[in-house]
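This report concerns only the one structure given below.
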Amino acid sequence: MHQDLDSRIQILLRQKNWPTLTKIQEMSFSSISTGKNTLIIAPTGYGKTEAAILPLLNQMIKNEVKPVAVIYITPLKALINDISLRIDWWASKLGFLVNRKHGEVPQKEKNLRLKHAPHILVTTPEGLEIDMDWATKFRDFYKNVKWVIVDEVHELINSKRGSQLALLLERLKRFSGYDFQRIGLSATVSSEKVVSDFLFGSSNRERAIIKLEGKRDFEIKIRKISNGSWEDAASSLVSSIEPPSLVFTNSRFSTERLHEELEKLGQKNVFVHHSSISRDIKDMVEEKLRRNESSAVICTKTLELGIHIGEIKKVIMFRPPPSVSSFLQRLGRSGHSVAGTPKGEIISMLDYDILESLALYEMAKHGKIERPLVDDSLDVVARELLGHLLQNQETTAEEFYSIVKGANAFSKVRFSTFLQMVKCLENNGLIKKEGEKIRLGPNFFRVWRFNREFKSIWCKDFSEFFSLINNNDTFSLRFEGKVIGEIDAVYVYKHIRVNDIIRISGRLWKVTRININKMSLDVIPENSRKGEIPIWRGENISKSYLVAKGESMILKRGEIEKEKEILDHDAYSTIKEMLQFYRDRDLPFPSDSTVVVEKRDDEWVYSTIIDEKIANTISHMMLYLTTKRYTLSTYSRASIYGFSIKGAPINLLEELKGMDDEKLVSLIKKSILRSSLFIATMKEIQPSFGKLGRKIDPNNDKFIVAEALRQTVRKYFSIKGTLNFIHKIRDEKTTIVFYNGETPLGDAVLSHVSIRPWLVDIVESIYEALKGGAYTASELSEVLGIPLKSLENKLKQLRKMKDKYKVSSFIDVDNKEVRWVLIEDFQSVVNSDDYFTSFTPSNVDETFIATLKSAERDSQVELIFKPRDVIENPDEIRRRIPFEDIGELKVMDMNDMAYSTPLKFYGISRNVIPYILLNATTYIQSVKFS
DNA sequence: GACCTGCTGCGGATTG
Numbered sequence: 010m011h012q013d014l015d016s017r018i019q020i021l022l023r024q025k026n027w028p029t030l031t032k033i034q035e036m037s038f039s040s041i042s043t044g045k046n047t048l049i050i051a052p053t054g055y056g057k058t059e060a061a062i063l064p065l066l067n068q069m070i071k072n073e074v075k076p077v078a079v080i081y082i083t084p085l086k087a088l089i090n091d092i093s094l095r096i097d098w099w100a101s102k103l104g105f106l107v108n109r110k111h112g113e114v115p116q117k118e119k120n121l122r123l124k125h126a127p128h129i130l131v132t133t134p135e136g137l138e139i140d141m142d143w144a145t146k147f148r149d150f151y152k153n154v155k156w157v158i159v160d161e162v163h164e165l166i167n168s169k170r171g172s173q174l175a176l177l178l179e180r181l182k183r184f185s186g187y188d189f190q191r192i193g194l195s196a197t198v199s200s201e202k203v204v205s206d207f208l209f210g211s212s213n214r215e216r217a218i219i220k221l222e223g224k225r226d227f228e229i230k231i232r233k234i235s236n237g238s239w240e241d242a243a244s245s246l247v248s249s250i251e252p253p254s255l256v257f258t259n260s261r262f263s264t265e266r267l268h269e270e271l272e273k274l275g276q277k278n279v280f281v282h283h284s285s286i287s288r289d290i291k292d293m294v295e296e297k298l299r300r301n302e303s304s305a306v307i308c309t310k311t312l313e314l315g316i317h318i319g320e321i322k323k324v325i326m327f328r329p330p331p332s333v334s335s336f337l338q339r340l341g342r343s344g345h346s347v348a349g350t351p352k353g354e355i356i357s358m359l360d361y362d363i364l365e366s367l368a369l370y371e372m373a374k375h376g377k378i379e380r381p382l383v384d385d386s387l388d389v390v391a392r393e394l395l396g397h398l399l400q401n402q403e404t405t406a407e408e409f410y411s412i413v414k415g416a417n418a419f420s421k422v423r424f425s426t427f428l429q430m431v432k433c434l435e436n437n438g439l440i441k442k443e444g445e446k447i448r449l450g451p452n453f454f455r456v457w458r459f460n461r462e463f464k465s466i467w468c469k470d471f472s473e474f475f476s477l478i479n480n481n482d483t484f485s486l487r488f489e490g491k492v493i494g495e496i497d498a499v500y501v502y503k504h505i506r507v508n509d510i511i512r513i514s515g516r517l518w519k520v521t522r523i524n525i526n527k528m529s530l531d532v533i534p535e536n537s538r539k540g541e542i543p544i545w546r547g548e549n550i551s552k553s554y555l556v557a558k559g560e561s562m563i564l565k566r567g568e569i570e571k572e573k574e575i576l577d578h579d580a581y582s583t584i585k586e587m588l589q590f591y592r593d594r595d596l597p598f599p600s601d602s603t604v605v606v607e608k609r610d611d612e613w614v615y616s617t618i619i620d621e622k623i624a625n626t627i628s629h630m631m632l633y634l635t636t637k638r639y640t641l642s643t644y645s646r647a648s649i650y651g652f653s654i655k656g657a658p659i660n661l662l663e664e665l666k667g668m669d670d671e672k673l674v675s676l677i678k679k680s681i682l683r684s685s686l687f688i689a690t691m692k693e694i695q696p697s698f699g700k701l702g703r704k705i706d707p708n709n710d711k712f713i714v715a716e717a718l719r720q721t722v723r724k725y726f727s728i729k730g731t732l733n734f735i736h737k738i739r740d741e742k743t744t745i746v747f748y749n750g751e752t753p754l755g756d757a758v759l760s761h762v763s764i765r766p767w768l769v770d771i772v773e774s775i776y777e778a779l780k781g782g783a784y785t786a787s788e789l790s791e792v793l794g795i796p797l798k799s800l801e802n803k804l805k806q807l808r809k810m811k812d813k814y815k816v817s818s819f820i821d822v823d824n825k826e827v828r829w830v831l832i833e834d835f836q837s838v839v840n841s842d843d844y845f846t847s848f849t850p851s852n853v854d855e856t857f858i859a860t861l862k863s864a865e866r867d868s869q870v871e872l873i874f875k876p877r878d879v880i881e882n883p884d885e886i887r888r889r890i891p892f893e894d895i896g897e898l899k900v901m902d903m904n905d906m907a908y909s910t911p912l913k914f915y916g917i918s919r920n921v922i923p924y925i926l927l928n929a930t931t932y933i934q935s936v937k938f939s
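Using the numbering used here, the first residue of the first sequence is number 10, and each one after it goes up by one.
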């Protein structure tokens, strides 16, 4: 028993039947009691909450405190409920009030806190945001804050939620005028310094890191399902389960699918837990676990962290988790008591699952874990500036910048960059400047609206202002106006194009139109399966660089004898055979310094073991080059097993090898700007800068584009890594081997989903292809590799454009074909040797009648003219048309009106009307005389 | 059908 503990707490410890404090509680006591900022690192279930709260209660007894003395931040609502009860057990007996705040706390309970302000408030980062920005009354209690505890720091540090919280703490410090003590609770992390810098920010207090030493041991077994079917997977699970077990999968779908098969096998007391399951049922399942009434729960990441779920006997991972930290977190859900050894099993479905499992094992055994990547997104800064203005009505750039710099996450943001951001917010009306003062602008409440019913792309619900979690946008699929399903927006951007056939709600559908602004896909029923594209098939959650590193190590070593004991017979022999495949053919094993190249039909496959971000970068570069030069009907792939490109006639890796760095970097940037990942990031950050629903103007919105590019690169690409990879090839430190056949790791590359060129490419490519000439749709279709029908549709759309992409068609009289031309090139085509005969009527004195309809208004005009009039005075013809854009033009022969059908043209600008009239008359006469 | 997380305060009127 700690001698510094107040006697009343000692009594409570006895009541709780705790003979001693746990080791971690003992270790952190003095550091916290002496006012140091303290980071406590220990796995879940070691009493970290009490380690932080007991010394604080002890202080609170000794020194008088006013509410709110302690803010306890934790990322999950379920944890808030759990923790506030746990804290209340102690606090209520010592005369302190505890209150919780999150979106689902009943209004009644929330209202209490104004009358009886709590000494300890438990909430989420968003809850703190709301109070700081919007709780005009309650906020005053925050002036008394002495301590802030941040739970599950490891969960927050990599995300926008984390940097949001870091800024909030700096704002709180400024508001309260007191350097409150910060206490962080975290699971094992790779860099304690990064985590503590992140959390402690501008605080001047001494700092301490309290870590439970000694790596926890674990037991792991890697198994392989014999034939890879779901039935097989389920029966394999049956033999693995030791009640109660947790079965982690990587998708909700797998969770349900396994459950279904287990039920068929007559398994009782098996439950499912994932984000699409209602809170009530999830509560019930968790309760069953605690009461030891379930034999197994099949779950996704939802049960990776969170409330206490009782003693788990064994953790089974159905297919390997994507990272070492996730692996350890899942494993740590078993053997919870301090003495217990976590016991786990990974079930492999595909051959490379075994390799991944081995890599996770190796990395974890060596104490390796992913390094945190602290978020520094400027949309977070923008959001906090707006929150700060809600709170204070006004600020200055200098004042808020000094708050931003206090947060370690943003310590590298330059003042000039910050000012650009301020300018951007001002341009979009979210803020306005009056001299040096910054205030909220006229658009703020237009963007964030109070009316819940009023939904549109032009505004967001006010409640969303407080959260930086990106809602997963979805596209709705519509058939005859009715919604028949939903698809994740990112998936649409990345993989779905017009004319694709997809399967949803048990039927096949063909996509006829993609409407980006309305976020909808028009579809029609389809019977043929030809070209069906998979939706979410294949595991594409991005894999950690440590998995690649581990695999590379294993493959370089080329043997797995040391790991034999953790592999079951099938898993062991599968890897043995895989290695033997390469040996038999005198091929090196793919690794971080070996690339095996093979050609599968017209797809180049490069297998190597590589950081996924590098693979993604190269794959996007190849996609860019291929669409630019060869064909739009192409795709690429990227994974830790390498990359591939379809439809390139030459080996593009050779070409990349020959480029200098400057050219490479510029190519990388262009490729990323064209990627769907960039589009998705733009969509995510636009609201924070007040740019909703409006078209992005690359000149005016430079700041947003640059920021989106920066964030996209950080998250999905690697410029430095890619340059290194290419240098190593150039310097022959990486071996490249060609193989005429199919390799196992080539198969691994091909089993990952394809990345397709983004839509904007089509418009750009048509422009590039048309430039300076006139072509028929089928010629263009062949050159661009776009199906004729979709190309024609696209050309018809382009007729209506107003910018440089506007096209027009005319009749090639000699060949009786329709040719397409850019409006900007029209005149030069008319005057060219190739086509002037199409604009030269044989009889210039014949009379014609033209009917023109406006493209915009309900207005039309008739012209009676002779070709001679047009040739001699084209401006007079133009003058007689009272509108700029002509939607439809009909031309008829005055002498032959009863018999001929009018010749029609669409989407023409007034400027080129004289040429079209000449073309029409030339054609009519040529038909008449032939 | 790739994963997870969160989301208006205050006060006044009305009702039992």
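The beta-carbon is built from N, C-alpha and C at its ideal position, and this holds for glycine as well. Keep in mind the model is a prediction, meaning the values are calculated, not measured.
Residue i versus residue j: straight-line alpha-carbon distance, rounded
i, j, result
"Gly490", "Asp531", "8 Å"
"Lys322", "Ala373", "20 Å"
"Glu692", "Leu898", "The question names Glu, but residue 692 in the sequence shown is Lys. Cα to Cα, Lys692 sits roughly 39 Å from Leu898."
"Asn67", "Ser485", "55 Å"
"Glu295", "Glu161", "20 Å"
"Lys86", "Glu113", "8 Å"
"Glu560", "Arg566", "10 Å"
"Pro876", "Ile890", "16 Å"
"Leu359", "Ser212", "50 Å"
"Lys45", "Thr426", "34 Å"
Nearest residue (CA-CA) to residue i, options the options
i, options, result
"Lys622", "Leu732, Phe598, Leu30", "Leu732"
"Val762", "Val674, Lys655, Ala87", "Lys655"
"Ala51", "Met358, Gly315, Ala243, Leu221", "Leu221"
"Val936", "Arg919, Tyr915, Asp905", "Asp905"
"Gln869", "Trp457, Ile218, Gln19, Asp894", "Asp894"
"Asp362", "Trp457, Thr690, Arg299, Asp756", "Asp756"
"Val492", "Val499, Tyr500, Thr483", "Thr483"
"Trp974", "Glu495, Asn213, Val499", "Since the displayed the chain opens at 10 and closes at 939, residue 974 lies outside it and no answer follows."
"Val932", "Ile745, Met901, Ser918", "Residue identity check: residue 932 is Tyr in the sequence provided, not Val. Tyr932 has its Cα closest to that of Met901, out of Ile745, Met901, Ser918."
"Glu871", "Ile880, Arg765, Ile886", "Ile886"
Cβ-Cβ separation, residue j to residue i (assumed contact under 8 Å), whole Å
i, j, result
"Val838", "Tyr844", "6 Å"
"Asn928", "Phe819", "5 Å"
"Cys433", "Phe698", "6 Å"
"Phe687", "Leu665", "That pair is no contact at about 20 Å."
"Leu8", "Ala786", "Shown here, the chain extends from 10 to 939; a query on residue 8 therefore has no answer."
"Pro76", "Phe150", "6 Å"
Where the alpha helix (DSSP H) through residue i begins and ends
i, result
"Ile5", "There is no way to answer for residue 5, as the model of the chain reaches only from 10 to 939."
"Gln19", "16–24"
"Trp98", "86–102"
"Asp670", "670–682"
"Tyr81", "It is not in any alpha helix (DSSP H) - Tyr81 instead sits in the beta strand (DSSP E) that spans 79–82."
Residue i - containing beta strand (DSSP E), residue span
i, result
"Gly353", "352–357"
"Lys571", "From DSSP, Lys571 is part of no beta strand (DSSP E); its letter is neither H nor E."
"Glu495", "491–497"
"Ala657", "Unbroken run through Ala657: none, as it is neither H nor E."
"Phe914", "912–918"
Please determine if the region 297–314 and the region 255–275 are in contact, where contact requires at least 3 C-beta pairs separated by less than 8 Å.
With the cut-off at 8 Å, the region 297–314 and the region 255–275 touch.
Is there contact between the region 385–400 and the region 597–605, where contact requires at least three CB pairs shorter than 8 Å?
Counting C-beta pairs with one atom in each stretch, the region 385–400 and the region 597–605 have fewer than three that are closer than 8 Å, which means they do not touch.
Contact between the region 553–564 and the region 322–335 is defined here as three or more beta-carbon pairs at a separation below 8 Å; is this criterion met?
The region 553–564 vs the region 322–335: in contact.
Would you check if the region 712–731 and the region 587–600 touch, i.e. whether three or more CB-CB distances between them fall below 8 Å?
With contact defined as three or more Cβ pairs closer than 8 Å, the region 587–600 and the region 712–731 are not in contact.
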